[in-house]
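Chemist: Note that the protein sequences, when read in sequence, are chains L and Y.
Mapping the first sequence onto our numbering, position 51 (from 1) lands on 51, and the numbers just tick up by one.
Heads up: take any position in the second sequence, counting from 1, add 1000, and you land on our numbering.
Before we start, here is the structure in question, set down as structure tokens.
Number of protein chains: 2
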Amino acid sequence: MSLELVSTTKCFEGEQRVYKHRSKELDCDMTFGAYLPPVAVEDKTACPVLYFLSGLTCTHENFIQKSGFQQFAAKYGIIIVNPDTSPRGVELPGQDDAYDFGSGAGFYVDATEAPWSKHYKMYSYVTQELVELINSNLPTLSSKKGIFGHSMGGHGALICALKNPGLYQSVSAFAPIANPTECPWGKKALAGYLGADTAKWASWDATSLVSQYAGTPQELFIDQGTADNFLVAKQLLPENLLNAASSNDHIQTVYKQREGYDHGYFYIATFVGEHIAYHAKLLNA
Amino acid sequence: MSLELVSTTKCFEGEQRVYKHRSKELDCDMTFGAYLPPVAVEDKTACPVLYFLSGLTCTHENFIQKSGFQQFAAKYGIIIVNPDTSPRGVELPGQDDAYDFGSGAGFYVDATEAPWSKHYKMYSYVTQELVELINSNLPTLSSKKGIFGHSMGGHGALICALKNPGLYQSVSAFAPIANPTECPWGKKALAGYLGADTAKWASWDATSLVSQYAGTPQELFIDQGTADNFLVAKQLLPENLLNAASSNDHIQTVYKQREGYDHGYFYIATFVGEHIAYHAKLLNA
């Protein structure tokens, strides 16, 4: 599995890189960001890897350009990798018709419905192919992995962790779509990618997964702005996940509400340092 | 002079605002960013104001979204205002033909050549109209002002300060176009806005202004990445300004070279905290 280096730019003494590669899982070319902290660049010291999953409409660029995360990755010596949000460059009918389905909206599931099932395997891409690619090309501590994300990507981070007990040592989410089977965004995406049979949706729903979780104890750090329009619109439903977690001893939650913050990148920028410090502690960075 | 609030978003406990207003100087509507630190929002404490001038092609958005400056403005209790880089919404022939002249490329001069002279008065806008607007609408310490900028905006910050001894208590520049009368970008812009008579250009050239400066002693903090393509291409010429300063006792320079950094926003993001700390010290923030 080979990577093409698209760009590398010095940033906080480390390097913000962008890579391109052919994905077997998604059957298309994919682009992702990888920030290497100074210790990884200078000494090739093996570092923990923290994966960030972005929200609807994003490419790999948004988080790289707008969150200011690099200063904290540099400080704690963590490699941060952020993939794109869907397959790209494929030609599927209707893929560009809406912002919340298809391109930019892969929802981190493995689609089973045609025509999406040929390419839309973002879950397997993120949890397997991308991890193998990173571990074989960058100086990583392969046993030290964390995952976080925003909105649709918060949902992605939660389900990737909950479906793979022990795979990630740290998990957090900014304003996640916490119960997609019960919100308009999630119902549209799950119906489209998985079909109309709602019984098949539960295994891709963080709240359902929390209810059923019986693996190694897992803490979930959930972050939510109180002035988030999508919280008000019942697209996020963190309360449902918290309720489910309260009756499962295998899941601990840390829930932080941020007074007056909305759903956007200024909110993420304000708290990304706290999240990375949280991951660093759990990853022994 | 009234301001229309376009948006306000909570960020690092302060507010990132965007305002729109009718500019008399430019005879068009203009948009700018204004970050208010927590103390200005919560207590309406009067704060120093630091003006940031952006580079070629930028609007008010680039610095707001990509530099991560807000955390430092919040920390030091400074209001940071960043205007657009040219008049907007005017209809002048050829204004959109090139990235380095016309729209997005006002060069912070007062044009004397038709048709530009009707609108392109960015120098007067930045040093007078915008300052009056800010002082009459936001909780400012009107006697505490700093200015900084990037590339074309670094040139702008330097000439605004050098042409007005004592107006700004602190001045810094990221990779400024330090001697525009001697570089391709500058020659094109100055010829277009001021006419072919090169004798008229010197009063808009930071290096010339440094040579002639006889005002109250002024320190200039110049920042430059060593891997900056535009440095190599002789568009920036900081060495000329430093040489001029070395023979003028009224000007002190602090010159920092950043090994391996280029001309872009990852470079700015890495060092914007150091710049704001510098301004804060001089502004007694």
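Backbone N, C-alpha and C fix where the C-beta goes; we use that ideal spot for every residue, glycine too.
Val210 (chain L) and Leu231 (chain L): beta carbons closer than 7 Å?
Modeler: No, Cβ-Cβ distance for Val210 (chain L) and Leu231 (chain L) is not below 7 Å.
Chemist: Taking C-alpha atoms, which residue in Y:His1060, Y:Glu1259, Y:Thr1045 lies nearest to Val1006 (chain Y)?
Modeler: Checked all of Y:His1060, Y:Glu1259, Y:Thr1045; the closest Cα to Val1006 (chain Y) is Y:His1060.
Chemist: Which two residues bound the contiguous alpha helix (DSSP H) that contains Thr1270 (chain Y)?
Modeler: 1265-1282 is the span of the alpha helix (DSSP H), which, as asked, contains Thr1270 (chain Y).
Chemist: So which residues of chain L does Cys1011 (chain Y) contact, with C-beta pairs closer than 8 Å?
Modeler: Correct list: Phe266, Tyr267, Ala269, Thr270.
Chemist: At the level of alpha carbons, what is the spacing between Val126 (chain L) and Ile1268 (chain Y)?
Modeler: Their backbone Cα atoms lie some 31 Å apart in a straight line.
Chemist: Fully enclosed by the stretch 1173-1244 of chain Y, which alpha helix (DSSP H) runs are 4 residues long or longer?
Modeler: If we require 4 residues or more, the alpha helix (DSSP H) runs fully inside the stretch 1173-1244 of chain Y come out as 1184-1194, 1206-1212, 1229-1232.
Chemist: For Lys187 (chain L), I'd like the list of residues in its chain whose CB is within less than 8 Å of its CB, leaving aside the five on either flank, ordered along the chain.
Modeler: Excluding sequence neighbours, Lys187 (chain L) sits near Pro180, Thr181.
Chemist: Counting only beta-carbon atoms, is Lys1066 (chain Y) nearer than 7 Å to chain L?
Modeler: Yes, because at least one Cβ of chain L sits closer than 7 Å to the Cβ of Lys1066 (chain Y).
Chemist: Runs of 4 residues minimum, wholly inside the stretch 101-137 of chain L: which ones carry the alpha helix (DSSP H) assignment?
Modeler: For the stretch 101-137 of chain L, whole alpha helix (DSSP H) runs of length 4 or above, ordered along the chain, are 130-137.
Chemist: What does a CB cutoff of less than 7 Å around Ala227 (chain L) pick up in its chain, not counting 5 residues either side in sequence?
Modeler: Answer for Ala227 (chain L): Gly260, Tyr261, Asp262, listed in chain order.
Chemist: Rounded to whole angstroms, what is the Cα-Cα separation between Tyr331 (chain L) and Ser151 (chain L)?
Modeler: There is simply no residue 331 (chain L) to check, as chain L begins at 1 and stops at 285 in what is shown.
Chemist: Starting from Tyr261 (chain L), find everything on chain Y with Cβ-Cβ shorter than 9 Å and list it in chain order.
Modeler: Residues of chain Y passing the Cβ test: Thr1009, Lys1010, Cys1011.
Chemist: Count the other C-beta atoms from every protein chain shown that fall within 10 angstroms of the C-beta of Ser1321 (chain Y), then say buried if there are 16 or more, exposed otherwise.
Modeler: The requested residue 1321 (chain Y) does not occur in the structure, where chain Y is confined to residues 1001 to 1285.
Chemist: In terms of alpha-carbon separation, which member of Y:Asp1205, Y:Pro1165, Y:Asp1223 lies closest to Phe1148 (chain Y)?
Modeler: That would be Y:Asp1223, whose Cα lies nearest to the Cα of Phe1148 (chain Y).
Chemist: Classify Ile251 (chain L) as helix, strand or coil using the three-state DSSP reduction.
Modeler: Ile251 (chain L) falls in the strand class under three-state DSSP.
Chemist: Tell me the residue span of the alpha helix (DSSP H) that contains Gln1016 (chain Y).
Modeler: First-last for Gln1016 (chain Y): 1014-1023, but that is the beta strand (DSSP E), not the alpha helix (DSSP H).
Chemist: Please list, in chain order, the chain L residues whose beta carbon lies closer than 8 Å to that of Gln1016 (chain Y).
Modeler: The answer, in chain order, is Phe266.
Chemist: Tell me, which residues are paired with Arg1258 (chain Y) by DSSP?
Modeler: According to DSSP, Arg1258 (chain Y) bridges with Y:Gly1225.
Chemist: Would a C-beta distance cut-off of 7 Å place Gly14 (chain L) and Gly153 (chain L) closer than the cut-off?
Modeler: Against a cut-off of 7 Å, the Cβ pair of Gly153 (chain L) and Gly14 (chain L) comes out as no contact.
Chemist: Within this structure, are the beta carbons of Asn1082 (chain Y) and Phe1107 (chain Y) separated by less than 7 Å?
Modeler: Result no, Cβ atoms of Asn1082 (chain Y) and Phe1107 (chain Y) do not sit closer than 7 Å.
Chemist: Can you tell me which of the three DSSP states Thr11 (chain L) falls into?
Modeler: Reading off the sequence, residue 11 (chain L) comes out as Cys, not Thr. In the structure shown, Cys11 (chain L) sits in a strand (DSSP, three-state: E or B).
Chemist: Please classify Lys1144 (chain Y): does DSSP put it in a helix, a strand, or coil?
Modeler: Strand, per DSSP.
Chemist: Would you mind stating whether Pro48 (chain L) and Leu283 (chain L) have Cβ atoms separated by less than 7 Å?
Modeler: Their beta carbons are under 7 Å apart, which means Pro48 (chain L) touches Leu283 (chain L) by this criterion.
Chemist: Secondary structure at Pro93 (chain L), three-state DSSP: helix, strand or coil?
Modeler: Correct three-state label for Pro93 (chain L): coil.
Chemist: Mapping DSSP to helix, strand and coil, what is Asn1164 (chain Y)?
Modeler: Reduced to three states, the DSSP call for Asn1164 (chain Y) is coil.
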